[in-house]
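Written out below as structure tokens is the structure these notes cover.
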Amino acid sequence: MARKIEIDNMVTVGSLATELDLPATKLITELFKNGIMVTINEKIDIDTASILVDELGLEVELAPRQIPASEISKPTQSQRQNPKLEPRPPVVAVMGHVDHGKTSLLDKIRSSNVVAGEAGGITQHISAYQVERKDRKITFLDTPGHEAFAAIREHGAVLTDLAIIVVAADDGLKPQTLEAIRFATKAGVKMVFAANKIDKEGANIDRLKQQLAEQNLLPEDWGGQTIVVPVSAKTGEGVDKLLDMVLLVADLEGLEADSHGPAEGLVIEAHMEKGLGPVATAMIQQGVLNQGDFLVAGSVYAKVKVLNDSRGQEIKSAGPSTPVQISGFKSLPEFGDSFHVVANEKEAKAQSMANVKSDAHSSNMTSTEMLRIISRRTTVDELKVLIKADVQGSLASVIDSIKSIDNDEISTRIVGSGVGNINENDVRTAAASGAIIYGFNLTLPPATKRLATENNVSVRLFKIIYELLDDIRAELENMLSPELVTTELGTLKVKGIFKTTKTEVIAGGEVLKGTLRSPAKARVIRDKQEIAKVEVTGLKRGPQDASEVQEGELCGIDLVTENRLQLEEGDRLELYTEELKDRKL
Ligand code: GDP
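Under numbering that gives the first Met the number 0, the first residue of the sequence shown is numbered 0, with each subsequent residue one higher.
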């Protein structure tokens, strides 16, 4: 009968070890074997702990400890009383194939349409900002690719109202365009197509429209509903029209939010900043956020100390669809955490604490992920990687994107990850586990570089997420066992046997179909049954050696056999080649 032990929903490795009467190192080692790097003070969730207990073969059943109701203070989130709904700016993501002009278009829009006041002062990490068009605001998410978009979606929030899909008119729809279309369609996000680079000679809007029509996206002027705006991010032509279309679609969607109550929103980036401590970029979805408000984001809380707009200028308050930078967090919130304002610090503390207790997902590793790893351990090859990035948002989107590359045969195991410079500890971890270190938007300090070289650890730095992912994909493809590709050549009907030894047959016959080549392999078929497999080492047309013989021709054929083969007149030889081919993911 299994012993029953009550533990908290989230439990540190140390206290679990105490409960189980085991040395903590034993648990840490077992977790490590499963690719989970934890220290004694880190928390795992109860499901992970249960799997761990099973893996260790312990006769123990873990049950969640009951938390007295008085200790839990339920979040007041979304309990809006009589919200006063008003139109709000649309939140727009720009997506599209690499090099089609996403960055240029965003730059153009930003430089010519910044919200009243001077341009500039755009702080480095702001990944969302607002522009103004005809006295109305549009919020742009400057995501490092649709990975980030997908990551935000995966975290359960629909942040984006509309996607501008940039397609270079001289290049047409490309794989990442199609991917962007799929994303937007799946997410139920409206699309506006920017047919970019119309200043270029090869630009062909009609061809682009044709391609869209083939994707069931019939352009408006062809009788459909898909909006296509020709633009040039270089000259600026069409950009205002594009923004007008965005506003039009927003109007049709009837986007509204409560613009008076307490704020709710989503953390879209978080990082440490010198002098300010943890700083988050957040998007307000409902209500108004004021300086001095208390807010809870997952298991952390903040008293909003400095509230900045996307240009880095201090503001007193911000309403729906506004991207802001918030300082005053007690610790770093997580990318994708939703936040809401509460009445006071006591409430903020209580709610964030309750989230630590109840939020199983705040652990780096959830039970499903652990199960996945365990079930894969024996069947799948793994590429081990350690990921570092400049900010939490990029890190989350890199990690989420990496997970999406896995397939049944091969996977990436993340042995470590974090925000900030690649340090010597990372190199040691990578060396111990045989991992490649990937750095996103980082540089490599010389001392770390030296240590990496000494330890034969490969460190790869990227500034573009696609390139990082392509590199991982290439590594994974190298690990895939090559595929055996069989190509059928043709069939020979045996008409005479000239010589038979223990390992060789020389015969003659007629090519019934196809073109025979040598060297090749052949199946020997008698009465529709395969009786042997042989190697074809030579072909002869008359007395001459031939490299190939065609259908209808007579030829001689040299075969090498494993065992003595008594070939007979009327047997058929089916010739084929086998080739090992590298596989793609
Ligand atoms: P992204 O990868 O989609 O962000 O593309 P970029 O904005 O980096 O643009 C890729 C290249 O196309 C750059 O060399 C740009 O200067 C160029 N480009 C972008 N938009 C235009 C345009 O409207 N006209 C022309 N001629 N070049 C453009």
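The C-beta atom is built at its ideal place from N, Cα and C for all residues, glycine as well.
- Shown here, D257 sits in a strand according to DSSP, grouped into three states.
- Taking a contact to require three or more Cβ pairs closer than 8 Å, the region 461-478 and the region 490-499 do not qualify as touching.
- A buried status is given to I421, since no fewer than 16 other beta-carbon atoms sit within 10 Å of its beta-carbon.
- Distance from the CA of G253 to the CA of P86, rounded to the nearest whole angstrom, comes to 7 Å.
- When the beta-carbon positions are compared, G513 and C554 stay at least 8 Å from each other.
- Counting the other Cβ atoms within 10 Å of the Cβ of V91 gives 16 or more, which makes it buried.
- Rounded to whole angstroms, F31 and V458 show a C-alpha spacing of 22 Å.
- Short of 7 Å from the beta carbon of L443, and not among the five residues preceding or following it, lie these beta carbons of its own chain, in chain order: I421, V458, L460.
- The Cβ atoms of T485 and Y575 sit closer than 8 Å to each other.
- Here S110 is not bridged, per DSSP, to any residue.
- The region 466-510 is shown to contain whole beta strand (DSSP E) runs of 3 or more residues at 482-499, in chain order.
- Rounded to whole angstroms, E487 and E578 show a C-alpha spacing of 12 Å.
- Taken in chain order, the complete alpha helix (DSSP H) segments of 4 or more residues contained in the region 210-289 are 238-252.
- Annotated three-state conformation of V426 is helix, per DSSP.
- Membership of Q175 in the alpha helix (DSSP H) is indicated by the continuous run 174-186.
- Judged by DSSP in its simplified three-state form, D53 adopts helix.
- Here T11 carries a strand assignment [DSSP, helix/strand/coil].
- Excluding the 5 residues flanking it on each side, D250 has no same chain C-beta neighbour closer than 6 Å.
- Sorting L265, S410, L26, G171 by C-alpha distance to the C-alpha of Q284 places L265 at the top.
- Inclusion of G95 in the 7 Å shell around the ligand GDP follows from its C-beta lying nearer than that to a non-hydrogen atom of the ligand.
- The alpha carbon of L288 has as its nearest neighbour, out of A279, V299, G297, L306, the alpha carbon of L306.
- In the three-state reduction of the DSSP assignment, G415 falls in the strand class, which pools E and B.
- Distance from the CA of P22 to the CA of T138, rounded to the nearest whole angstrom, comes to 53 Å.
- Judged by pairs of C-beta atoms under 8 Å, the region 543-561 touches the region 522-534, as three or more such pairs exist.
- Using a Cβ distance threshold of 8 Å, A162 and L207 do not count as a contacting pair.
- Of the candidates G286, D581, D570, L172, D570 places its Cα closest to the Cα of K527.
- Between H99 and Q210, the alpha-carbon positions lie close to 16 Å from each other.
- For D257, same chain residues with a beta-carbon under 7 Å away, outside a window of 5 residues either side, are R79, P82, K83, L84, Q285, G286 in chain order.
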